[in-house]
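K.L.:
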Amino acid sequence: MKILSDERQLDSLPSKISIGILIVQDLVAVAVLIFISSMSGINNSNTLQSFAAGGILIVLLFLIGYFILPKITKRIAKSQELLFLFSICWCFVLAALFLYVGFSMEIGSLLAGIILSISPYAMEISSKIRPLRDFFLIIFFIILGLKMQISQVQEVIIPAIVLSGIALIFKPLVLMFLGRWLKYTKRTNFLVGSTLAQISEFSLIVAALGLSVGQINSTIFNTIVLTLIITIFLSSYSITYSWELYNRFSNFLSIFENKRIKSERKVKKEYDTILFGYNRIGFSILNALKSLKRKYLVVDFNPDIISNLKKFDIPALYGDVYDLNFLEELNLEELNLIISTVPDVETNKLLIETVRAVNRKVVVILRAHTIEDALKLYEDGANYVLTPHFLGGEYVAKMINHSKSGDKDYKDERNKHLRMLREILSKGANHPEVEKN
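Quick note on this note's numbering: the sequence shown kicks off at 11 and runs consecutively.
(1) Enumerate in chain order the residues of its own chain whose CB-to-CB distance from S245 is below 6 Å, with the five nearest sequence positions on each side excluded.
(2) Any idea what DSSP makes of V308, helix, strand or coil?
(3) Could I get the ranges of all uninterrupted beta strand (DSSP E) runs contained in the segment 342-375, with 3 residues as the minimum, in chain order?
(4) By Cβ distance below 8 Å, which residues in the same chain neighbour P398 in space, the five residues on each side in sequence not counted?
(5) Alpha carbons only, please: which of V309, I295, D310 is nearest the one belonging to K303?
(6) Give me, in chain order, the residues of the same chain whose beta-carbon lies closer than 7 Å to that of N369; leave out the 5 immediate sequence neighbours on both sides.
(7) What's the C-alpha gap between K26 and E280?
(8) Can you tell me whether N227 is buried or exposed? The criterion is at least 16 other CB atoms within 10 Å of its CB, across all chains shown.
(9) Please report the residue range of the alpha helix (DSSP H) in which V166 lies.
(10) Quick one: what does DSSP say I29 is sitting in, helix, strand or coil?
(11) Using only alpha-carbon positions, find the residue among V235, K138, Y131, L285 that is nearest to F150.
(12) I139 and F94: beta carbons closer than 8 Å?
(13) Give the range of the alpha helix (DSSP H) segment to which L79 is assigned.
(14) Determine the direct distance from the alpha carbon of I160 to that of I167, and round the result to whole angstroms.
(15) Name, in chain order, the residues that DSSP records as bridge partners for V395.
(16) From L188 to Q35, what distance separates their C-alpha atoms?
(17) Closest to A298 by C-alpha separation, out of V38, G329, L347, would be which residue?
(18) Taking the beta carbon of R432 as the centre, do at least 16 other beta carbons fall within 10 Å, making it buried, or is it exposed?
(19) So what's I284 in DSSP terms, helix, strand or just coil?
(20) From L263 to R197, what distance separates their C-alpha atoms?
(21) Which of the three DSSP states is assigned to S47 in this structure?
(22) Could you give the distance in angstroms between the alpha-carbon of L185 and the alpha-carbon of K421?
(23) Within 10 angstroms of its Cβ, does G64 collect 16 or more other Cβ (buried), or is it exposed?
(24) Looking at L201 and Y256, is the spacing between their C-beta atoms short of 8 Å?
(25) Quick one: what does DSSP say A326 is sitting in, helix, strand or coil?
(26) Could you pull the start and end residues of the alpha helix (DSSP H) that I117 belongs to?
(27) In angstroms, rounded to a whole number, what distance separates the CA positions of P442 and L67?
(28) What residue range does the alpha helix (DSSP H) around E382 cover?
(29) To the nearest angstrom, report how far apart L156 and L107 are at their CA atoms.
(30) So V103 is in the alpha helix (DSSP H); what residue range does that whole segment cover?
(31) Taking the straight line between their C-alpha atoms, what separation do you get for L387 and V111?
(32) Measuring alpha carbon to alpha carbon, tell me which residue in K371, M133, I284, M430 is nearest Q90.
(33) Could you spell out the range, first to last residue, of the alpha helix (DSSP H) harbouring Q193?
(34) Rounded to whole angstroms, what is the Cα-Cα separation between D282 and V372?
(35) CA-CA distance, F286 and T351?
(36) Buried or exposed: where does M430 fall if 16 or more other Cβ atoms within 10 Å of its Cβ makes it buried?
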């Protein structure tokens, strides 16, 4: 999560899938922590009672988080300092509560964060506690190193290497085959697998709790600690250089892409315009293409978006823009207009290089988030580069300059915007909360 956040990749489809898997993984870890804490009871009846009590407590907290917490945060959010202090206090209170009832305080801390994510001010809270998160992340790794007993390294090094190999190789393979079954592209599957190669940090918490209640010995605990260190170290490189790794091995990754995907890449209608990427700023562009009666095709690598578009009889094709073989299947030579709302600069560079090699006259409109990326794409031959943040500012400036009747003009713009947002939502699309920078 930290690397994805630093790399500004939380908006990408592979990152969203990875985060979803991590959330499920953490929820399973919570259940395991509650179970291990319950195992310290005297008999089986006490264990079941403790486990049931933990489940009831979690349900109650989620009800509070859904119905009561938003009302509290709405009042507190008027002051940024109070919102920050409330978030920290909320974490400490839940950690202390779970410790008081006989469970691990890590369970309370994790649930505190999950419940806060329900709040409409989750993004603001996240930005406020980010410096604190980074500080305690350093402390976590210091503690991780302190827990490693050097005297037992020779004893646990071989098992740790074997377990690390399983985590770094077998786990990504399982995830990539799962992605293949769910009809994602080989690039999406590879990026998800490389992102989730390490073992979870919660494995250390689970192992520490298991050691404290006598379920495992120090040798097993040290093996888990060393495995975590190895996988964190190596997986950080696999995430950072995931694009380079994909480019190097993409020809060997076809096994992780469903064969039915290519058979479904048949477009019955002719088209002279392609819109790459719908679930970002593509909705308004698509409406413009409709009003101009252009023969268009929408391409996206999210199967859910493609399914929703087809429900509305919109010509749509499932595919990955970064897949050169897929691009070559498209009718690039006959196109008059190409629009890409994909935010990744490397993907757009590949797109324009491929297109310009076969069609020099086509108008190419791309998207970038930074000035540097926009200038690079202009140098590569883009006719125009969308920069959403700057364009948004220009639009508001024009709206202010052309406002003559005061509140009425803004009310008209507001009503138009509300209609557009509701139409977008009805078609299963949604703008991401965090965009790649």
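Cβ coordinates follow ideal geometry from the N, Cα and C atoms, glycine included. Nothing here was measured: the structure is a model prediction, and the numbers come from that model.
P.N.:
So, to answer that:
(1) Counting from 1 along the sequence shown, the entry for residue 245 is found at position 235. Cβ neighbours of S245 beyond the five flanking positions: A207, Q208.
(2) Stepping through the sequence shown from its first residue, residue 308 is reached at position 298. DSSP places V308 in strand when its eight states are reduced to three.
(3) 347-350
(4) Along the sequence shown, one-based indexing puts residue 398 at 388. Excluding positions up to five away in sequence, the list reads I291, R377, H379, E445.
(5) Residue 303 sits at position 293 when you count from the first residue of the sequence shown. Checking every option, the nearest Cα to that of K303 belongs to I295.
(6) Counted from its first residue, the sequence shown places residue 369 at position 359. L342, E343, L345.
(7) Start at 1 with the first residue of the sequence shown, and residue 26 comes out as number 16. Start at 1 with the first residue of the sequence shown, and residue 280 comes out as number 270. Looking at the two C-alpha atoms, the distance is approximately 33 Å.
(8) Residue numbering aside, residue 227 sits at position 217 when the sequence shown is read from its first letter. The residue in question, N227, is exposed, as its Cβ has fewer than 16 Cβ neighbours within 10 Å.
(9) Locating residue 166 in the sequence shown gives position 156, where the first residue counts as 1. Here the alpha helix (DSSP H) through V166 covers 163-175.
(10) Position 19 of the sequence shown holds residue 29. DSSP places I29 in helix when its eight states are reduced to three.
(11) Translated into the one-based positions of the sequence shown, residue 150 becomes position 140. Of V235, K138, Y131, L285, the residue nearest in Cα terms is V235.
(12) On the sequence shown, position 129 is the one that residue 139 refers to. On the sequence shown, position 84 is the one that residue 94 refers to. Yes, they are a contact pair.
(13) Residue numbering aside, residue 79 sits at position 69 when the sequence shown is read from its first letter. 79-86 is the extent of the alpha helix (DSSP H) around L79.
(14) Translated into the one-based positions of the sequence shown, residue 167 becomes position 157. Translated into the one-based positions of the sequence shown, residue 160 becomes position 150. Approximately 11 Å, taken between the alpha carbons.
(15) Position 385 of the sequence shown holds residue 395. Answer is L376, bridged to V395.
(16) By 1-based counting over the sequence shown, the position of residue 188 is 178. By 1-based counting over the sequence shown, the position of residue 35 is 25. Taking the straight line joining both Cα atoms gives about 15 Å.
(17) For the purposes of this step, residue 298 is taken as residue 288 along the sequence shown, with counting starting at 1. Comparing Cα-Cα distances from A298 to each of V38, G329, L347, the minimum goes to L347.
(18) Sequence index remark: in the sequence shown, residue 432 carries index 422 (1-based). Under this definition R432 is an exposed residue.
(19) Here the question's residue 284 lines up with position 274 in the sequence shown. Residue state, collapsed to three classes: strand.
(20) Mapped onto the sequence shown, residue 263 falls at position 253. Mapped onto the sequence shown, residue 197 falls at position 187. Computed Cα separation, rounded: 8 Å.
(21) The residue labelled residue 47 in the question sits at position 37 within the sequence shown. Correct three-state label for S47: helix.
(22) Here the question's residue 185 lines up with position 175 in the sequence shown. Here the question's residue 421 lines up with position 411 in the sequence shown. L185 and K421: Cα-Cα distance of roughly 48 Å.
(23) As a position in the sequence shown, residue 64 is number 54, starting the count at 1. Buried is the call here.
(24) What you label residue 256 is simply residue 246 of the sequence shown in a count that begins at 1. What you label residue 201 is simply residue 191 of the sequence shown in a count that begins at 1. Yes, the pair counts as a contact, with Cβ atoms nearer than the cut-off.
(25) As a working note, residue 326 is residue 316 in the sequence shown. In this structure, A326 counts as strand in the three-state DSSP scheme.
(26) Sequence index remark: in the sequence shown, residue 117 carries index 107 (1-based). First-last of the alpha helix (DSSP H) with I117: 115-126.
(27) By one-based count along the sequence shown, residue 442 stands at place 432. By one-based count along the sequence shown, residue 67 stands at place 57. Confidence in P442 is poor, its pLDDT being 40 and thus under 50, which makes the residue's placement unreliable; the coordinate value appears in the next sentence. When rounded, the distance between both Cα atoms is 32 Å.
(28) Taking the first residue of the sequence shown as 1, we reach residue 382 at position 372. Its alpha helix (DSSP H) spans residues 381-389.
(29) Against the sequence shown, residue 156 aligns to sequence position 146. Against the sequence shown, residue 107 aligns to sequence position 97. For L156 and L107, the distance between alpha carbons rounds to 27 Å.
(30) As a first step, residue 103 must be located in the sequence shown, where it is residue number 93. Element bounds for V103: 90-110.
(31) Looking up residue 387 in the sequence shown gives position 377. Looking up residue 111 in the sequence shown gives position 101. If I take the Cα positions, the gap works out to 58 Å.
(32) Counting from 1 along the sequence shown, the entry for residue 90 is found at position 80. Taking only the C-alpha atoms, the option nearest Q90 is M133.
(33) Mapped onto the sequence shown, residue 193 falls at position 183. The sequence given here places Lys at residue 193; Gln does not occur at that position. Counting along the chain, K193 falls outside any alpha helix (DSSP H), and DSSP gives it neither H nor E.
(34) Along the sequence shown, one-based indexing puts residue 282 at 272. Along the sequence shown, one-based indexing puts residue 372 at 362. Their Cα atoms are separated by approximately 10 Å.
(35) Taking the sequence shown and counting its residues from 1, the one referred to as residue 286 is at position 276. Taking the sequence shown and counting its residues from 1, the one referred to as residue 351 is at position 341. Spanning the two alpha carbons is a distance of roughly 6 Å.
(36) To locate residue 430, count along the sequence shown from 1; it is residue 420. The residue is exposed, with fewer than 16 neighbouring Cβ atoms inside 10 Å.
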